[in-house]
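Here is the structure we will look at.
In the numbering used here, the protein residues as written are 52 to 508.
Here is the structure:
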């Protein structure tokens with residue numbers, strides 16, 4: 052089925068080596084993205100002060116909460132594209148691609164307008180301190196101007212992942228990220244633009260990565276070739292994308308809402324704690340993109356094998372992904388904790404900020420493999436066409452646990468370490484529920500495939 056060296060045949064041959072071939076470029080892409088984001092934070096923290104660092108950090112949860120609904124929908128485009136690609140349905144694949152990209156453009160513009168409009172009121176609701184709120188508002192408004200480019204890039208990349216191409220996005224990110232890093236240094240150090248300079252550099256890099264990935268789709272000779280003259284939304288395919296993607300997006304949005312609530316609790320400790328959380332959260336971000344890369348691989352491989360009804364191969368994909376999710380994050384989590392003070396020292400020169408950051412890392416890094424398992428189970432379920440129930444269970448397990456923790460227990464045990472115990476606690480609870488859901492769905496899919504096979508015989 053593969054037609055060029057960037058595509059991966061997910062339905063035949065060995066699995067683990069192909070999973071690794073798929074996941075490593077995606078991991079590198081995501082890690083590099085965070086490295087370039089870390090450059091934003093490091094440059095601001097080192098050259099604009101802890102107040103500017105806190106201003107940038109205080110926007111993370113809110114930005115993610117706003118955009119992740121639409122980014123989650125791109126998972127629907129990934130699943131549907133993977134199915135059409137696996138079964139060589141070229142017309143359907145092409146129409147899905149054009150529908151997804153068109154929706155990305157429209158939703159990107161809509162999110163940009165919404166984000167700019169609600170920035171200050173939302174930050175006020177989050178109890179953002181007065182000494183950083185103006186800088187936070189400025190950063191977010193500039194950042195949201197790049198949302199259309201960011202959205203198109205993510206939808207185009209999801210289509211490439213559906214066919215196994217995780218290398219091109221890596222190459223493009225390197226180009227855009229280097230430009231972003233250079234612009235950061237010039238605008239913040241040379242022109243003293245502070246958070247505005249960082250935000251402008253981010254928008255420029257998003258524009259470049261968007262241009263490069265769309266150029267690839269336009270030049271493609273495969274079924275996923277994009278042509279501007281065919282730009283349109285086919286409601287049949289958008290409905291299928293929404294069926295998978297909207298629950299995934301809602302899940303991510305609501306979980307980020309709980310993170311925004313947690314950010315409000317962190318804000319109550321002052322700007323040093325906020326800066327420590329910003330740096331620690333950036334480190335946790337590196338761990339998350341590692342586990343999420345495996346989830347993306349599990350999603351794409353499961354989707355293609357589900358489409359061609361290879362049940363045993365789906366089971367092998369699940370087991371291999373589970374092995375990776377239990378080993379790699381554990382190793383990285385231990386390293387993150389052991390070298391935590393040195394890593395945090397890269398972000399800031401403040402001993403108090405490092406202390407706050409280590410208080411968070413001591414609770415969250417070593418058990419992070421649990422987050423990987425929790426992240427992967429909804430991925431495999433979505434690959435089999437079930438997205439709503441994993442969303443409900445994730446919201447109950449993560450958001451419910453954290454809300455109870457923040458408002459029920461935290462007020463009488465006010466410390467960052469106690470606050471962040473809610474992380475591993477919510478991971479364990481969610482895993483148990485998602486695992487029960489997986490067992491039920493896997494049995495139903497087995498019965499469905501058996502019925503189809505008997506009907507054909």
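Glycine is no exception: its CB is placed at the ideal position from the N, C-alpha and C atoms.
It should be emphasised that the depicted structure is a prediction, and the values quoted were computed from it without experimental measurement.
Asked                                                                                                                                                                            : Found
Does the beta-carbon distance from residue 324 to residue 332 come in below 9 Å?                                                                                                 : no
Hey, out of 478, 433, 472 and 471, whose CA is closest to residue 446's CA?                                                                                                      : 478
Would you kindly work out how many angstroms separate the C-alpha atoms of residue 139 and residue 127, rounded to a whole number?                                               : 18 Å
Closest by CA to residue 368, which one among 256, 454 and 432?                                                                                                                  : 432
State the DSSP-derived secondary structure class of residue 278, mapped to helix, strand or coil.                                                                                : coil
What residues in its chain sit with their C-beta under 8 Å from that of residue 427, if we drop five residues either side in the sequence?                                       : 342, 345, 346, 349, 372, 373 and 376
Does residue 149 pass the burial test, meaning 16 or more other C-beta atoms within 10 Å, or should it be called exposed?                                                        : buried
Do the stretch 213-229 and the stretch 153-167 make contact, defined as three or more Cβ pairs closer than 8 Å?                                                                  : no
Tell me the DSSP secondary structure of residue 436 in three-state form.                                                                                                         : coil
Tell me where the alpha helix (DSSP H) around residue 146 begins and ends.                                                                                                       : 141-176
Using a threshold of 9 Å, state whether the C-beta atoms of residue 152 and residue 207 are closer than that.                                                                    : yes
Would you mind working out which of 196, 399, 321 and 335 sits nearest residue 247, comparing C-alpha positions?                                                                 : 196
In angstroms, rounded to a whole number, what distance separates the CA positions of residue 425 and residue 242?                                                                : 44 Å
Give the single residue among 276, 310, 294 and 492 whose Cα lies nearest to the Cα of residue 114.                                                                              : 310
Taking the beta carbon of residue 499 as the centre, do at least 16 other beta carbons fall within 10 Å, making it buried, or is it exposed?                                     : exposed
What residue range is occupied by the uninterrupted alpha helix (DSSP H) comprising residue 291?                                                                                 : 286-318
State yes or no: is the C-beta of residue 395 within less than 9 Å of the C-beta of residue 327?                                                                                 : yes
Using the beta-carbon count (16 or more within 10 Å), is residue 63 buried or exposed?                                                                                           : exposed
Would you report the Cα separation of residue 188 and residue 250, rounded to the nearest angstrom?                                                                              : 11 Å
Just verifying my parser: in three-state terms, what is the DSSP assignment at residue 238?                                                                                      : helix
Among 282, 143, 305 and 160, which has the Cα closest to the Cα of residue 448?                                                                                                  : 305
When you compare each of 84, 491 and 121 to residue 155 by their alpha carbons, which one comes out closest?                                                                     : 121
Is the Cβ-Cβ distance between residue 408 and residue 330 less than 9 Å?                                                                                                         : yes
Per DSSP, what kind of secondary structure is residue 493 in: helix, strand or coil?                                                                                             : helix
Drop a sphere of 10 angstroms on the beta-carbon of residue 393, count the other beta-carbons inside from all chains shown, and report buried for 16 or more, exposed for fewer. : exposed
Given a cut-off of 9 Å on the beta-carbon distance, is the pair residue 434 and residue 502 in contact?                                                                          : no
Note down, in chain order, each residue of its chain lying with its Cβ closer than 6 Å to the Cβ of residue 123, except the 5 sequence neighbours on either side.                : 296, 299, 300 and 303
Could you check how far apart the C-beta atoms of residue 410 and residue 468 are, in whole angstroms? I think they sit under 8 Å.                                               : 5 Å
Just to confirm, is the Cβ distance from residue 215 to residue 361 under 9 Å?                                                                                                   : no
Are there 16 or more other CB atoms within 10 angstroms of the CB of residue 283, so buried, or fewer, so exposed?                                                               : exposed
Please report the straight-line C-alpha distance between residue 82 and residue 340, rounded to a whole angstrom.                                                                : 7 Å
Of the residues 483, 183, 497 and 129, which one's Cα is nearest the Cα of residue 292?                                                                                          : 129
Once you ignore the five residues that flank residue 200 on each side, which residues in its own chain have a CB closer than 6 Å to its CB?                                      : 257, 258 and 261
So what does DSSP say about residue 401, is it helix, strand or coil?                                                                                                            : coil
Should residue 510 go down as buried or exposed, given a rule of 16 or more other Cβ atoms within 10 Å for buried?                                                               : Any question about residue 510 goes unanswered here, given that the chain covers just 52 to 508.
For residue 59, I'd like the list of residues in its chain whose CB is within less than 7 Å of its CB, leaving aside the five on either flank, ordered along the chain.          : 53, 69, 72, 73 and 215
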